[in-house]
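There are 2 protein chains.
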Amino acid sequence: MLPVTADGIPLCELADLADRPHAWPKLWRHHAAQPEADEINALAAERGESWLPRYGGRISSEWQFAKALQVLRDDPGVYERTARWIEGADWIVWELCGRETRNVSSAGYKGIHQDGAWPSRDFLAALDPRFTDFVSERLDHPLSQLGGRAGGLTARAAAWTGLREGTPVAVGNIDAHVTAATARTTGPGRMLAIMGTSTCHVMNSEVLAEVPGMCGMTLGGITPGMWGYEAGQSGVGDIFGWFVDTHVPPVYHEEAASEGVSVHELLSDRASHQAVGEHGLVALDWHSGNRSVLVDHSLSGVLVGMTLATRPEDVYRALVEATAFGTRTIVEAFTGAGIPVHDFTVGGGMVRNPFVLQVYADVLNRPLHVVDTEHSCAVGAAIHAAVAAGAHPDVHAASQVMGRVRADTVDPDPERAAAYDALFAIYSELHDHFGRGGSDSLRRLRALRGAAFTTGSTPEGKR
Amino acid sequence: MLPVTADGIPLCELADLADRPHAWPKLWRHHAAQPEADEINALAAERGESWLPRYGGRISSEWQFAKALQVLRDDPGVYERTARWIEGADWIVWELCGRETRNVSSAGYKGIHQDGAWPSRDFLAALDPRFTDFVSERLDHPLSQLGGRAGGLTARAAAWTGLREGTPVAVGNIDAHVTAATARTTGPGRMLAIMGTSTCHVMNSEVLAEVPGMCGMTLGGITPGMWGYEAGQSGVGDIFGWFVDTHVPPVYHEEAASEGVSVHELLSDRASHQAVGEHGLVALDWHSGNRSVLVDHSLSGVLVGMTLATRPEDVYRALVEATAFGTRTIVEAFTGAGIPVHDFTVGGGMVRNPFVLQVYADVLNRPLHVVDTEHSCAVGAAIHAAVAAGAHPDVHAASQVMGRVRADTVDPDPERAAAYDALFAIYSELHDHFGRGGSDSLRRLRALRGAAFTTGSTPEGKR
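Chains A and B supply the protein sequences, listed in that same order.
Residues 913 to 1375, numbered by our numbering, are exactly what the first sequence covers, in order.
Residues 913 to 1375, numbered by our numbering, are exactly what the second sequence covers, in order.
Here is the structure:
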């Protein structure tokens, strides 16, 4: 998000505001607006705002409204000078074609635009009287469908890019969401998981339902005409990376080097030779908190079942399985809410690891379709641009032609899939115990951690 | 334990039995007699045998009766040839002074001798008719008090040892128990923890009570005239060692080498600079199962609270704390059962680590007395020998003169002790959840582990 003038100039580029932090763009993953998010959620719950369940019951501090309210509270002068409050994707398009557009996807997922409306003036006034006109003055604009044409390249932007003036510019979009076109999963019930350091799940459906713990759902948010659902896992590849960086002993690093493979590959290879359940472990993949389906970033990781015989490849495998169980929990939340999940496609950096893919296929007990490019977001953006330029009639058609999916699937082994049911039952038990009120120990540990940094009772005394 | 002839000759030294495994001595930690232990426990519980609660409700497969019953079942011929079934400590004394003695401590802890009696013929017959005379024919003998004189060195043993014939030989004893004399903790309510790869807790009391989860209690089992209690933690130093060997990355090993310290010392030093609770972790120290107070070796380790910022020294500290919480659980079990614990002394290899001692002092919120010799068992044996030889009137007096305890104590810090109460509350919650029926997930994981080795459903198919 960034605050701009009526001409689209970022406030941070104005000489008199350049040293004001709130005049600068805010990265989505900056969580400083958590108090404002809490305030929005409490008020929306109290008033029974119909849009709240569309976001799993919680508007994130990562999104538009909380960040704008924080600017108002912390630097009213910057807020006052903000003519337009806009997503980066829409601002870039504005720069390219010289006119403001707003895409329906960002408005729905990162703003709070549902059923054709933003939160009411009444709601905004109740949050803060000075916030009453936030939507009408700073946000509101006709929304553009994905794959639509925003305009043509200006002479200035043609000079920047080396393209011809008037080249069609597509409306803005979101990296994970365009990937549905790359993955040929724009049809209903085709779930796509983009697995990297974290995982984002996107799926179209003809059905509207409130699925517990979604990041959001938006009509046309992924592909025009369908309800686009988004869910996520905050930590996936970065949990594996954390483990490899901090918990693998020298001899493994030496062996990986002598075999000419990465430590990830060494651990994956060793773990792949185990039978399901052989390591005796189950982990909860909450080292970065839990996005879906618990929407709780105060949670943390859990590992149970260690013995003196537990080896690094055992824990590595348990962590991979935990993230697969997390994905299965999300799939079951969809199906439990009445949204059918017909098939499952994976993309992102993690598809390079066949061991990880096999675990996911076995845990989900589904064949996995696999995106066949490392540049899935760029291909997806190109598909939308091709539609905007008129090269294809719509995103579905362009996706069939331009999408990239491997010919073969990664198939589950029935015996391993059955064995995983027993481990998943333990995962679910731990998930509910630590995440749904059985024990608040993870939240208490987080609070104690915070208190320790404040009081600082070390063995040597005060810090 | 070993089976011997009426003359004390081990059956494994007889030519016709040398190739029969059951003719050989059985190390206590060999667990093959678990089915027989289960059988003994089930029958004793069913019959309400009064001695069962003295062993925390479970006779271990590590002890006399289960092992003897296994020999009878698996090799009746060896059982038939067994004239005497005897502990190694008593057999060595027999070799040294040419006459059989049996010490009250082994009979009480490792046998089932309580209130002056062994299990009844009736009970033995109900176990197996062929076992009816086990006590009367193979075990029974007058019991000798600790510090008593078993006899004098025979001419043959004098030649072996280079000592004079007739040199007094003390009755047998147990390594952990003699250490109470070294630690000057033979008085009532003075708990001694011998901390090494595992920890053994021994304490005398004038009070008889059934403390949940004890390994055993025996009148005169530690020092004549008092009830000797024994409890234990199956994994302590070996958990720290496992972590250092398998979960510490190369850079820590390199830094330890460049600083000229061990990895344990490096991790301890880094962990010692943290405030209580700063790492946000709590562990359950069950990597080798739980001896006291749960008496369940099917349990396994648990670690909760990990984030992507969790470092090796954080987990190391959490593991050290977990073993201290385990000790606190044992101390509270004693006090809760009405057995006062007046003070606390530590011995064993772990006393070399000041960080570990400080954590224990803070967690227990008690000053720690520290044994001041690395050879605490040898010193304890010498104390008992000195009493047997008449150099001191009794073990208490000899202990005061010959014991070795540091002049200064390791004292708790009140602020840290208070902070640990909150972490201990979480430990206790997890302890009861995973250990006392809230969740049987650890036992299920162990069962799945066993099944995985049998069915072997690996990603490559059958093993």
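Beta carbons are placed, not taken as given, at the ideal position from N, Cα and C, and that holds for glycine.
CB contact flag (residue i, residue j, <8 angstroms)
i	j	result
A:Arg996	A:Leu923	no
B:Gly1128	B:Tyr1021	yes
B:Tyr881	B:Asp1274	Nothing about residue 881 of chain B can be reported from this structure: the residues present for chain B run from 913 to 1375 only.
A:Val1271	A:Val1232	yes
B:Ala1310	B:Ala1298	yes
B:Ile952	B:Leu1039	yes
A:Val1194	A:Leu1335	yes
B:Asn1202	B:Gly1347	yes
A:Val1090	A:Gly1063	no
A:Gly1172	A:Ala1143	no
A:Gly1099	B:Leu1360	no
As assigned by DSSP and simplified to three states, the class of residue i
i	result
A:Ser1032	coil
A:Gly1147	coil
A:Arg1061	strand
B:Ser1056	strand
B:Met1126	coil
A:Gly1153	helix
A:Pro1371	At A:Pro1371 the pLDDT is 44, less than 50, meaning the model places this residue with poor confidence; the figure from the coordinates comes in the next sentence. Note: A:Pro1371 maps to coil in three-state DSSP.
A:Met913	coil
A:Met1138	coil
A:Leu964	helix
B:Pro922	strand
A:Leu1008	helix
A:Gln1312	helix
B:Ser1131	According to the sequence shown, residue 1131 of chain B is Leu rather than Ser. If DSSP states are grouped into helix, strand and coil, B:Leu1131 belongs with the strands.
B:Gln1026	strand
A:Arg1014	strand
Residue i, enclosing beta strand (DSSP E) - first and last residue
i	result
A:Ser1117	Thr1111 to Ser1117
B:Arg996	Arg996 to Ile998
B:Phe1256	Asp1255 to Gly1259
A:Ile1106	Arg1102 to Met1107
A:Pro1080	Pro1080 to Ala1082
A:Ala1230	A:Ala1230 -> not in any beta strand (DSSP E); alpha helix (DSSP H) instead, spanning Pro1224 to Gly1248.
B:Leu1196	Val1194 to Leu1196
Cβ distance (whole Å) where residue i is taken to contact residue j below 8 angstroms
i	j	result
A:Ala1093	A:Val1114	No, A:Ala1093 and A:Val1114 are not in contact; Cβ-Cβ is about 11 angstroms, not under 8 angstroms.
B:Asp1255	B:Arg1102	6 angstroms
B:Val1317	B:Ala1095	6 angstroms
A:Leu1354	B:Val1216	6 angstroms
Alpha carbon of residue i to alpha carbon of residue j, nearest angstrom
i	j	result
B:Ala1245	B:Gly1238	11 angstroms
A:Val916	A:Arg1011	13 angstroms
B:Asp1027	B:Leu1131	8 angstroms
B:Met1314	A:His1165	50 angstroms
A:Gln946	A:Ser973	5 angstroms
B:Ala956	B:Ala1001	27 angstroms
A:Gln1312	B:His1185	59 angstroms
A:His1053	A:Ala930	27 angstroms
B:Glu968	A:His943	Checking the sequence shown, residue 968 of chain B turns out to be Gly, not Glu. Cα-Cα distance, rounded: 52 angstroms.
A:Glu1372	B:Asp1181	Confidence in A:Glu1372 is poor, its pLDDT being 43 and thus under 50, which makes the residue's placement unreliable; the coordinate value appears in the next sentence. Approximately 11 angstroms between the Cα atoms of the pair.
A:Asp1284	A:Val1268	16 angstroms
B:Phe1035	B:Gly960	11 angstroms
B:His1159	A:Glu1225	11 angstroms
A:Leu939	A:Asp987	18 angstroms
B:Asn1085	B:Ser1117	19 angstroms
A:Thr1370	B:Arg1328	Here A:Thr1370 scores only 46 on pLDDT, less than 50, and its place in the model should not be relied on; the value that follows carries that caveat. In a straight line, the C-alpha of A:Thr1370 is about 7 angstroms away from that of B:Arg1328.
B:Val1207	A:Glu1341	24 angstroms
B:Ile1134	A:Arg1223	39 angstroms
A:Ala1379	A:Cys1009	The shown model of chain A, from 913 to 1375, leaves out residue 1379 of chain A, and the question about it has no answer.
B:Lys1374	A:Ala1187	Confidence at B:Lys1374 is low in this model, with a pLDDT of 35, below 50, so its placement is unreliable and no value can be given for it.
B:Ala1435	A:Ala1105	With chain B covering 913 to 1375 only, the question about residue 1435 of chain B has no answer from this structure.
B:Val1253	B:Ile1242	11 angstroms
Segment limits, alpha helix (DSSP H) that includes residue i
i	result
B:Leu1206	From DSSP, B:Leu1206 is part of no alpha helix (DSSP H); its letter is neither H nor E.
A:Gly1213	Premise fails: A:Gly1213 lies in the beta strand (DSSP E), Gly1213 to Met1218, not in any alpha helix (DSSP H).
B:Leu1280	Careful: B:Leu1280 lies outside any alpha helix (DSSP H), inside the beta strand (DSSP E) at Leu1280 to Val1282.
B:Ile971	Counting along the chain, B:Ile971 falls outside any alpha helix (DSSP H), and DSSP gives it neither H nor E.
A:Phe1336	Pro1326 to Gly1347
Residue i beta carbon near the ligand HEM (any heavy atom closer than 7 angstroms)
i	result
B:Ser1018	Summarising the ligand content, the structure contains no ligands, and the ligand HEM is consequently not present.
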